[in-house]
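Here the structure is laid out as structure tokens; the discussion comes afterwards.
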Amino acid sequence: NAGVMQNPRHLVRRRGQEARLRCSPMKGHSHVYWYRQLPEEGLKFMVYLQKENIIDESGMPKERFSAEFPKEGPSILRIQQVVRGDSAAYFCASSHSWADGHNEQFFGPGTRLTVL
Amino acid sequence: KQEVTQIPAALSVPEGENLVLNCSFTDSAIYNLQWFRQDPGKGLTSLLLIQSSQREQTSGRLNASLDKSSGRSTLYIAASQPGDSATYLCAVPSYNNNDMRFGAGTRLTVKP
Numbered sequence: 004n005a006g007v008m009q010n011p012r013h014l015v016r017r018r019g020q021e022a023r024l025r026c027s028p029m030k031g032h033s034h035v036y037w038y039r040q041l042p043e044e045g046l047k048f049m050v051y052l053q054k055e056n057i058i059d060e061s062g063m064p065k066e067r068f069s070a071e072f073p074k075e076g077p078s079i080l081r082i083q084q085v086v087r088g089d090s091a092a093y094f095c096a097s098s099h100s101w102a103d104g105h106n107e108q109f110f111g112p113g114t115r116l117t118v119l
Numbered sequence: 442k443q444e445v446t447q448i449p450a451a452l453s454v455p456e457g458e459n460l461v462l463n464c465s466f467t468d469s470a471i472y473n474l475q476w477f478r479q480d481p482g483k484g485l486t487s488l489l490l491i492q493s494s495q496r497e498q499t500s501g502r503l504n505a506s507l508d509k510s511s512g513r514s515t516l517y518i519a520a521s522q523p524g525d526s527a528t529y530l531c532a533v534p535s536y537n538n539n540d541m542r543f544g545a546g547t548r549l550t551v552k553p
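Read top to bottom, the protein sequences are chains A and B.
The first sequence begins at 4 in our numbering and counts up one residue at a time.
The second sequence begins at 442 in our numbering and counts up one residue at a time.
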């Protein structure tokens with residue numbers, strides 16, 4: 004059973020470009036979470052999605068950031084017009100349905116975004 | 442609002458020592474608590490998950506305890522080894538269980 008997969012592992016963008024980060028949850032998981040880790044800081048929640056629905060985006064910056072989790076394919080975190088302050092590690096996690104009462108989150112290896 | 446604090450921020454010990462990492466959280470109404478390990482430039486590895494009904498979990502040389510009423514958890518590492526050097530993070534679900542709230546971590550260095 005493959006774990007949470009993220010790609011690319013490293014992404015370099017120039018200011019003003021777009022960054023697209025992908026996350027494939029563990030098999031059987033229908034919940035996806037995105038977190039950001041700035042240098043020397045802990046992980047901060049960004050957004051929580053289920054298939055085709057954004058459940059909680061309270062941690063997302065109001066502008067330039069968006070996320071989706073389509074019916075088919077991976078979850079995408081999209082950052083438009085990147086700035087140097089967006090440089091960070093972006094982690095994706097997935098979990099089972101809440102109905103199972105089992106809400107342990109499993110984390111992917113992260114995508115390290117560097118904005119030049 | 443759930444806030445998680447980890448003490449100490451950094452710890453350096455000689456190989457072989459037993460050590461304790463501390464985690465505190467402000468809202469005791471949690472479903473569970475997780476301890477993770479993060480190596481430099483790497484992702485998170487889940488070490489232990491303690492459900493709210495449990496008081497401790499053990500895995501090899503690691504033992505994690507949970508005291509919900511006081512909002513505290515400890516991670517005990519026995520007979521530390523240089524390979525244990527990493528940042529250790531604790532996390533609890535937020536009040537609405539939509540996300541995990543992380544501490545800033547304890548950076549552990551075990552010297553040979």
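Think of the CB as a built atom: it goes at the ideal place given N, C-alpha and C, for glycine as much as any other residue.
For clarity, every value in this text was computed on a predicted model and none was experimentally measured.
How about A:V50 and A:A70: do their beta carbons lie closer than 8 Å?
yes
B:E497: which of B:K483, B:G484, B:N473, B:A520 sits nearest, CA to CA?
B:N473
Residues of chain A with a CB under 9 Å from the CB of B:G512: which are they?
Result: empty, since nearest Cβ-Cβ is about 17 Å, beyond 9 Å.
How far does the beta strand (DSSP E) with B:G543 in it extend, from its first residue to its last?
The sequence given here has Phe at residue 543 of chain B, not Gly. Residues 541-543.
I believe A:Q40 touches A:F94 by the beta-carbon criterion, under 8 Å. Please report the beta-carbon distance rounded to the nearest angstrom.
6 Å
Does the stretch 77-84 of chain A come into contact with the stretch 17-30 of chain A, if we say contact requires no fewer than three beta-carbon pairs (one atom in each stretch) closer than 8 Å?
yes
Interface residues of chain B facing A:Q108 [CB-CB closer than 7 Å]:
M541
Can you give me the start and stop residues for the beta strand (DSSP E) that A:A70 sits inside?
68-71
Exposed or buried, A:Q53, counting other C-beta atoms within 10 Å across all chains shown (16 or more means buried)?
exposed
Rounding to the nearest angstrom, what Cα-Cα distance links A:K65 and B:P449 in this structure?
34 Å
Identify, in the order they occur along the chain, each residue of the same chain with its Cβ nearer than 6 Å to the Cβ of B:Q492, setting aside the five sequence neighbours on each side.
N473
Would you report the Cα separation of B:F466 and A:L14, rounded to the nearest angstrom?
34 Å
Can you list, in chain order, the residues of its chain with a C-beta nearer than 7 Å to that of A:D103? Leave out the 5 residues immediately preceding and following it.
Here the model assigns A:D103 a pLDDT of 47, short of 50, so the residue's position is not dependable and the matter cannot be decided.
Whose CA, out of A:D59, A:P42, A:G76, A:M63, lies closest to the CA of A:Q9?
A:G76
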